[in-house]
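Sequential numbering from 49 applies to the sequence shown in our numbering.
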Amino acid sequence: MTNNDRREITISFDFLDGNMPYLAEIYTDGGKAVKTRTQVLVEKKKVNKKNKLRFKLPASGGVAIHLMPLN
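1) Could you check which residue in Pro106, Tyr75 and Asn96 has the C-alpha nearest to that of Thr86?
2) Pick from Glu73, Gly109, Ile113 and Val90: whose alpha carbon is nearest that of Arg54?
3) Inspect the beta-carbon positions of Leu101 and Phe61 and report whether they are closer than 9 Å.
4) Could you round the C-beta distance between Leu71 and Lys92 to whole angstroms and report it? I think they count as a contact, below 8 Å.
5) Buried or exposed: which applies to Asp77, given that a residue is buried once 16 or more other Cβ atoms fall within 10 Å of its Cβ?
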């Protein structure tokens, strides 16, 4: 998800299957704090359909989430 304007978004995982746990691999703009050429911050979190994650996206920034079932 991306946009030319700075914004905050909340992503709900209510579309996921039952109470099955998933690993969310989250890619966000890390800025100068991330010491890689791409400056992409990669985080991993365990989520299920009850979770919501909130993101503060910079202008022309974005977030990508790769979901993998844990069972």
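Heads up, the beta-carbon is just placed ideally off N, CA and C, and yes, glycines get one too. For clarity, every value in this text was computed on a predicted model and none was experimentally measured.
Well, looking at it:
1) Tyr75
2) Gly109
3) yes
4) 6 Å
5) buried
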